[in-house]
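J.: Quick one: the structure is below, questions incoming.
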Ligand SMILES: [Zn+2]
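Residue numbers (the UniProt record's numbering): 1 to 89.
Dropping the structure here:
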C-alpha cells in the first residue's frame, strides 16, 4: 500500500516537472511584441520573411491569422484548404 502511494507521488512529481517544462516553452513562444516568430504558433508553418518584417511580433501565418480574425471567408479568393479537399476526393 505504502509503496503504491510513493509511486503516485513520484508520478505526479514527474507530471509537474513536465508541466513546468511545457509552461517554459509556451512562455518562450509568447515572444514580446517586436519579436516575430519564424514559424506559425498554430500550425508551425514557416512565416515568410516579408510578413515577419511587415508585422512586428507576428506569431501566426496568414491562414491562421485570418482564421483567428474571422476574415478567412470574407477575403474569399484562393482557398488552400478547399483545393486540398478536392485533391483528396
Ligand atoms: Zn499557421
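Every residue gets a Cβ at the ideal spot worked out from N, C-alpha and C, and that includes glycine.
None of the values given here were measured: they were computed from a predicted structure.
Rounding to the nearest angstrom, what Cα-Cα distance links residue 67 and residue 42 in this structure?
T.: So the two alpha carbons sit approximately 11 Å from each other.
J.: Using only the heavy atoms of ligand 1, determine whether one of them is closer than 7 Å to the beta carbon of residue 60.
T.: Yes, ligand 1 has a heavy atom inside 7 Å of this Cβ.
J.: Quick check on the burial criterion: 16 or more other C-beta atoms within 10 angstroms. Buried or exposed for residue 11?
T.: So residue 11 ends up on the exposed side.
J.: Between residue 44 and the rest of its own chain, which residues show a CB-CB distance below 8 Å, the 5 nearest in sequence each way excluded?
T.: Correct list: empty, nothing qualifies.
J.: What are the residues that DSSP puts in a beta bridge with residue 42?
T.: Beta-bridge pairing links residue 42 to no other residue.
J.: Quick one: give me the first and last residue of the alpha helix (DSSP H) that residue 60 is part of.
T.: Counting along the chain, residue 60 falls outside any alpha helix (DSSP H), and DSSP gives it neither H nor E.
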